[in-house]
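Asks:
Protein chains in written order, with this note's numbering: chain E, 1 to 238; chain S, 1001 to 1238.
#1: For a contact meaning CB atoms closer than 8 Å, what does residue 1181(S) contact in chain E?
#2: Give me the subset of the segment 15-27 of chain E whose CB atoms are less than 8 Å from a CB atom of chain S, sorted by chain position.
#3: Using the beta-carbon of each residue, which ones in chain E are nearer than 8 Å to residue 1012(S)?
#4: Count the CB pairs spanning the segment 82-89 of chain E and the segment 29-42 of chain E that are closer than 8 Å, and state whether there are at least three.
#5: Starting from residue 7(E), follow the alpha helix (DSSP H) in both directions and report where the run begins and ends.
#6: When DSSP builds the beta bridges, which residues end up paired with residue 1075(S)?
#7: Between 1231(S), 1146(S), 1102(S), which has its C-alpha nearest residue 1056(S)'s C-alpha?
#8: Which residues, taken in chain order from the segment 208-232 of chain E, show a beta carbon closer than 7 Å to some beta carbon of chain S?
#9: Since residue 122(E) sits in a beta bridge, which residues does DSSP pair it with?
#10: Comparing the CB of residue 104(E) with every heavy atom of the ligand PLP, is any distance shorter than 7 Å?
#11: Which chain E residues are close to residue 1177(S), counting only those with a beta carbon under 7 Å from its beta carbon?
#12: Looking at C-beta atoms only, is the number of pairs between the segment 126-142 of chain E and the segment 166-173 of chain E that lie closer than 8 Å three or more?
#13: Just the Cα atoms here: how many angstroms apart are residue 1094(S) and residue 51(E)?
#14: Determine, using beta carbons only, whether residue 124(E) and residue 199(E) come nearer to each other than 8 Å.
#15: In angstroms, rounded to a whole number, what distance separates the CA positions of residue 1119(S) and residue 96(E)?
#16: Compute the beta-carbon to beta-carbon distance between residue 1163(S) and residue 1027(S), rounded to the nearest angstrom, for a pair I have assumed lies under 8 Å.
#17: Tell me which same chain residues have a C-beta within less than 6 Å of the C-beta of residue 1039(S), skipping the five on either side of it?
#18: Examine chain E for any beta-carbon lying closer than 8 Å to the beta-carbon of residue 1068(S), and answer yes or no.
#19: For the candidate residues 1053(S), 1186(S), 1201(S), 1064(S), whose alpha-carbon lies nearest to that of residue 1070(S)?
#20: Beta-carbon within less than 6 Å of residue 1091(S)'s beta-carbon, same chain only, minus the 5 sequence neighbours each way: which residues are those?
#21: Taking 8 Å as the CB-CB cut-off, is residue 1087(S) touching chain E?
#22: Would you identify the three-state DSSP class for residue 1044(S), choosing helix, strand or coil?
#23: Looking at the unbroken alpha helix (DSSP H) that takes in residue 1031(S), where does it start and where does it end?
#24: Distance check for residue 232(E) and residue 238(E), CA to CA, integer angstroms please.
#25: In its own chain, which residues sit with a C-beta less than 8 Å from the C-beta of residue 1016(S), not counting the 5 before and 5 after it?
#26: Please check if any C-beta of chain E sits within less than 8 Å of the C-beta of residue 1076(S).
#27: Tell me residue 63(E)'s beta-bridge partners as DSSP assigns them.
#28: How many Å lie between residue 14(E) and residue 1089(S) at the Cα?
#29: So which residues on chain E does residue 1007(S) lean against when the C-beta distance must stay under 7 Å?
#30: From the DSSP secondary-structure annotation, give me the bridge partner or partners of residue 1141(S).
#31: Identify, in the order they occur along the chain, each residue of the same chain with its Cβ nearer than 6 Å to the Cβ of residue 1197(S), setting aside the five sequence neighbours on each side.
#32: Give me, in chain order, the residues of the same chain whose beta-carbon lies closer than 7 Å to that of residue 1138(S); leave out the 5 immediate sequence neighbours on both sides.
#33: Span of the beta strand (DSSP E) holding residue 98(E)?
#34: Which one of 11(E), 219(E), 214(E), 217(E) has the shortest CA to CA distance from residue 112(E)?
#35: Can you find the residues in the same chain that come closer than 6 Å, C-beta to C-beta, to residue 157(E), ignoring five residues on each side of it along the sequence?
#36: In the DSSP assignment, what are the bridge partners of residue 213(E)?
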């Protein structure tokens, strides 16, 4: 089994995913939100790249069957039901609903991976379920981090890379590339104090500055949900 | 002072360099070769992106004034005088000569940074000179790693990132981005045994497999040359 990791959704091209299992990670917060919503019983999640696409899709659905979720600049989009905070996606809110989700990086990363054989949604919350699956299927995999957009250029984000390390540390005997290896080393050294590590990270600091301390605390919990959401035919299901 | 690091030459756009000092790093081996050649008294180095460009440039020069250097797939280019091995750029070979150099990643990274206010060539060999300069000028800087090309997509390369960490560890009080911070952590944990760290790295292993063990040993030496090569108006000088 070989594992290659890409640090942002811009750093990989469609041919890098072809015929491979692709693991998409956006720790803060899109994939954490998706994993939480699936765990809490939503019917499905439809990730879309643009706000207009979300609104247009919603027009074809009955109002009581869906929720519009997502963020721009980290906050609720005007006219949407939910932001990109996993804490809003509780069981009583999402149960049985279709969620149309658009975020700055994470949902775009999922769409970017469309040429993959299979697309798995991963966060720190379900990291063991993802690793167990890779150990079981023993197929070549690509890990695609969403990265964080700042001034137009998407950048390497340590919160995604640490989640990569948490996956890789649970994999039995894979051939890994340099970024997978660096992620593993960073995770091993810092796993017992992720909050301390994160205090120097751009997006962690930004989310705390706009009032999302509870979110980042929630998203850094390791292996609390034993679920494996997959994206297939335009929707994510558990 | 703010420092942003980009993991490959493809991960940054010209606007990321604008009005900033840009530090270009290709540890294995382009910037190590450049630093060595400058240290050993070459007149100048002209980095070019393509082999044809190197040959065409050479046609305008007297044969005894220049050397053609570089690599494709890590080895000597047909008709060239030197490969991309810093060990070939000895004083008796390069003294007083113009070197036209083309490599797969490093020289392209230098050209990519053309919009920068100032372009500094950095390797592990001259890491302290580069950090001393940044501490002195106290200006915002960008560190551009060349990365390594594999199957078309340039990838994060740990040997570049470790050199970034070696620079950052010598900087006094900069505001740094996530990759600069990750580089610092990786360097701090592994600085006393870089060869052990590198044994899992793609390009390190490749160079050893094609017979360049002495090169990688040479390139991983820290702070052996107190020089600061700069790229200006198409040429690199010390």
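Even for Gly, the Cβ is constructed at its ideal location relative to N, Cα and C. Remember, it's a predicted structure, so these values are computed and weren't measured experimentally.
Replies: This is what the structure holds:
#1: 158, 200, 201
#2: 15, 16
#3: 153
#4: yes
#5: First-last for residue 7(E): undefined, no H or E at that position.
#6: 1072(S)
#7: 1102(S)
#8: none
#9: 25(E)
#10: The ligand PLP is absent from the structure shown, which contains no ligands of any kind.
#11: 155, 202
#12: yes
#13: 59 Å
#14: no
#15: 56 Å
#16: 5 Å
#17: 1225, 1227
#18: no
#19: 1053(S)
#20: 1040, 1041
#21: no
#22: strand
#23: 1030-1039
#24: 11 Å
#25: 1004, 1006, 1142
#26: no
#27: None, per the DSSP bridge assignment.
#28: 40 Å
#29: 7, 156
#30: 1003(S), 1021(S)
#31: 1190
#32: 1001
#33: 98-102
#34: 11(E)
#35: 147, 148, 203
#36: Its beta-bridge partners do not exist; DSSP assigns none.
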